[in-house]
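Asker: Per this note's numbering, the sequence shown runs over residues 6 to 433. Just so it is clear, CB atoms sit at the ideal spot from N, CA and C, and this is done for glycine as well.
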Amino acid sequence: MLSAAENELLTRTGKGTTAGDYLRRFWMPALLTEEIPAPDCPPVRVRLMGECLIAFRDSSGRAALVGQYCMHRQMDLFFGRNEEGGIRCAYHGWKFDADGNCVDLPTEPKGSKYKDNVHLTSYPCQEFAGIVWAYLGPKDADAQIPQFEFNSLPPENMYLRKSLLSCNYLQAMEGNLDSSHTGYLHSFSSGSALDPRGQGHGKRGGVTHQYQASLPSFEVKDTDYGCMIGAKRKSASGPAYWRVTQWLLPVHTLIAANVGETLLWDAWVPMDDEHTWVYRIEYNPWRALTKQELFEYNNVGFARLNVENIPGTYLPVRNKENDYLIDRELQRTYSYTGIKGTNAQDAAAIENQGPTPIADRTKENLSSSDLAIIRMRRKFLNVLQDFKDGVEPAPALNGDMYKVRAIAMSLEDDGVPFYEGAKELLFL
Ligand code: FES
Ligand SMILES: [Fe+2]
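1) Tell me whether TYR74 sits in a helix, a strand or coil according to DSSP, three-state version.
2) With which residues is GLU369 paired in a DSSP beta bridge?
3) Could you check whether the Cβ of TYR119 sits closer than 8 Å to any heavy atom belonging to ligand 1?
4) Going by C-alpha to C-alpha distance, which of LYS345, ALA245, TYR119, VAL137 sits closest to MET76?
5) How about ASN181 and THR228: are their beta carbons less than 9 Å apart?
6) From the DSSP output, read off the bridge partner residues of PHE432.
7) From which residue to which residue does the alpha helix (DSSP H) around TYR27 run?
8) Based on Cα-Cα distance, which residue from ASN106, ARG78, LYS384 lies nearest to VAL71?
9) Tell me which residues pass a beta-carbon proximity test against ligand 1: closer than 5 Å to any heavy atom, given in chain order.
10) Can you list, in chain order, the residues of its chain with a C-beta nearer than 7 Å to that of PHE153? Leave out the 5 residues immediately preceding and following it.
11) Output needed for TYR96: all residues of its chain with C-beta closer than 6 Å, excluding positions within five of it in sequence on either side, in chain order.
12) Given this structure, state the Cα-to-Cα distance separating GLU429 from PRO255, to the nearest angstrom.
13) So, with DSSP's three-state summary, where would you put HIS186?
14) Under three-state DSSP, which class holds ASN324?
15) So what's GLU425 in DSSP terms, helix, strand or just coil?
16) If you pair each beta-carbon of the region 344-364 with each one of the region 165-174, do three or more pairs fall below 8 Å?
17) Can you tell me whether ARG67 is helix, strand or coil according to DSSP?
18) Put ARG50 into one of helix, strand or coil per three-state DSSP.
19) Count Cβ pairs between the region 399-419 and the region 261-269 that sit closer than 8 Å; are there 3 or more?
20) Compute every distance between the C-beta of VAL180 and the non-hydrogen atoms of ligand 2, then say whether any falls below 8 Å.
21) Does the distance between the C-beta of GLN152 and the nearest non-hydrogen atom of ligand 2 fall short of 8 Å?
22) When every heavy atom of ligand 2 is checked, does at least one fall within less than 8 Å of the C-beta of LEU220?
23) Can you tell me whether PRO398 is buried or exposed? The criterion is at least 16 other CB atoms within 10 Å of its CB, across all chains shown.
24) Checking 9 Å against the spacing of the C-beta atoms, do ARG323 and GLU334 come in under that value?
25) Which of the three DSSP states is assigned to LEU445 in this structure?
26) Using the C-alpha atoms, what's the distance from ARG383 back to PHE133?
27) Whole angstroms are fine: how far does the CA of LEU389 sit from the CA of GLY25?
28) Going by Cα to Cα distance, which pick from TYR284, TYR230, SER222, GLY317 is closest to GLY135?
29) Can you find at least 3 beta carbon pairs, one from the region 82-89 and one from the region 53-64, that sit closer than 8 Å?
30) For ILE59, report the span of its beta strand (DSSP E) as first-last.
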């Protein structure tokens with residue numbers, strides 16, 4: 006449990022808040038490359054950490070992220086024309102380039118220098134892994150791109166998707182660090198003929214209901230970039246089985262798979278304090294994704310990870326408004342929740358932690374299985390305190406810190422900590 010002040014500190018991300026200013030020190034996913042697919046394509050609205058923005062791709066192919074409202078009389082530039090190196094407001098024709106400069110101001114006499122004093126908010130963008138990343142922090146800071154392993158993988162080794170959650174980013178992210186929920190939330194009734202045993206989080210810890218008793222023991226290691234969470238399951242004889250999850254400041258999680266299997270990255274990006282964009286990449290550093298994997302990612306199933314979005318949007322079909330299309334008969338006979346898809350099951354949990362979209366952590370009663378969440382919060386509170394005291398976030402300034410993996414493996418119990426025993430697997 007947290008104090009009300011701590012909860013506020015961690016969950017508020019608007020400009021000028023501590024966490025909001027901290028998050029703005031990092032490059033953040035802003036939208037998908039496919040949303041602005043070609044030069045001079047239609048602009049799209051982007052809401053990021055409460056800021057109202059417009060993304061467009063200019064005539065040279067450069068991705069741009071600028072303020073949504075025109076500097077003249079605030080018309081929404083979403084209705085503007087993206088043409089000839091900038092976006093032109095539909096109301097009176099003021100035009101802005103990708104850097105927010107006013108490049109034409111037709112309501113002033115010819116030769117007027119007025120436009121030189123008019124600047125629209127603009128944020129630098131870089132594109133990689135199918136995502137437009139943006140930096141919303143101070144211009145003089147030296148933020149580096151996080152060097153995730155998937156940044157340089159060929160497209161056939163990756164599967165990317167995006168969807169919206171109607172809750173605060175922190176509880177969404179906490180859901181991914183919570184390894185103990187799979188035995189219930191994603192489980193199936195024992196003995197069901199359709200029981201897809203061994204699935205669940207894309208073979209990542211999914212268990213059938215009958216296995217729920219085997220709770221792992223947790224060890225958490227603080228790192229420069231966040232923390233590493235080791236979940237250990239003992240076997241009767243032989244080595245222990247470890248699953249190592251990575252939390253990387255400020256909004257990234259990596260979920261473990263065995264060596265050779267496909268890994269999972271998520272970013273939990275605040276749209277505002279009550280909505281979160283989830284960016285997810287399934288990636289395999291060793292090989293192209295298989296047809297079977299792509300089938301799993303593209304189709305909905307009770308134990309499949311994919312989100313089915315409403316066509317033409319990034320909004321899930323199964324959402325809070327329709328109670329995730331819960332099927333009570335299937336809940337009685339087959340699936341523990343009666344909700345189709347592990348993502349929708351997760352959403353049902355994290356979007357409904359109390360009556361408001363920001364969970365009230367003063368009301369919690371945490372148990373020993375919440376160790377990872379407890380440690381993540383403590384680390385986050387510490388770095389926010391340091392930030393308040395003037396310490397710039399080290400991972401924002403050092404992209405190499407993101408060269409890590411989440412791996413599941415067997416380790417002999419010889420007294421060596423898991424992060425030492427598996428060093429060469431966890432660090433690239
Ligand atoms: S409001 Fe945009 S040009 Fe007038
Ligand atoms: Fe889950």
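Answerer: Put simply:
1) Three-state DSSP puts TYR74 in a strand.
2) According to DSSP, which records beta bridges pairwise, GLU369 is partnered with nothing at all.
3) Checking every heavy atom of ligand 1 against the Cβ of TYR119, none is found closer than 8 Å.
4) Of the residues LYS345, ALA245, TYR119, VAL137, the one whose Cα lies closest to the Cα of MET76 is TYR119.
5) Not closer than 9 Å, so no.
6) Beta-bridge pairing links PHE432 to VAL409.
7) Looking at the DSSP string, the run of the alpha helix (DSSP H) that includes TYR27 is 23-28.
8) The shortest C-alpha separation from VAL71 is found at ASN106.
9) Listed by position along the chain, the residues with Cβ atoms less than 5 Å from a non-hydrogen atom of ligand 1 are CYS75, HIS77, ARG78, MET80, CYS94, TYR96, HIS97, TRP99.
10) Non-local beta-carbon contacts of PHE153 in its own chain, meaning distances under 7 Å to residues more than five positions away in sequence, involve TRP270, TYR407 in chain order.
11) By the criterion of a C-beta distance shorter than 6 Å, TYR96 is surrounded in its chain by MET80, once the five residues flanking it on both sides are discounted.
12) Roughly 24 Å between the two C-alpha positions.
13) In the structure shown, HIS186 sits in a helix (DSSP, three-state: H, G or I).
14) Here ASN324 carries a coil assignment [DSSP, helix/strand/coil].
15) In this structure, GLU425 counts as helix in the three-state DSSP scheme.
16) Note that the region 344-364 touches the region 165-174; at least 3 beta-carbon pairs, one per stretch, sit closer than 8 Å.
17) Correct three-state label for ARG67: coil.
18) Secondary structure of ARG50 (DSSP, three-state): strand.
19) Contact between the region 399-419 and the region 261-269 is present, because at least three Cβ pairs lie under 8 Å.
20) Looking at the sequence itself, residue 180 is Gly, so the reference to Val does not match. Yes, since a heavy atom of ligand 2 falls inside the 8 Å radius drawn around the Cβ of GLY180.
21) Not one heavy atom of ligand 2 sits closer than 8 Å to the Cβ of GLN152.
22) No, the beta carbon of LEU220 sits no closer than 8 Å to any heavy atom of ligand 2.
23) So PRO398 ends up on the buried side.
24) No, Cβ-Cβ distance for ARG323 and GLU334 is not below 9 Å.
25) One cannot answer for residue 445 here, as it falls past the ends of the chain, which runs 6 to 433.
26) Straight-line measurement puts the Cα of ARG383 at about 31 Å from the Cα of PHE133.
27) Across the structure, GLY25 and LEU389 are spaced so that their CA atoms are roughly 10 Å apart.
28) Closest by alpha carbon: TYR284.
29) For the pair of segments examined, the region 82-89 was found to touch the region 53-64: the number of CB pairs separated by less than 8 Å reaches three.
30) Where ILE59 is concerned, the enclosing beta strand (DSSP E) stretches over 56-62.
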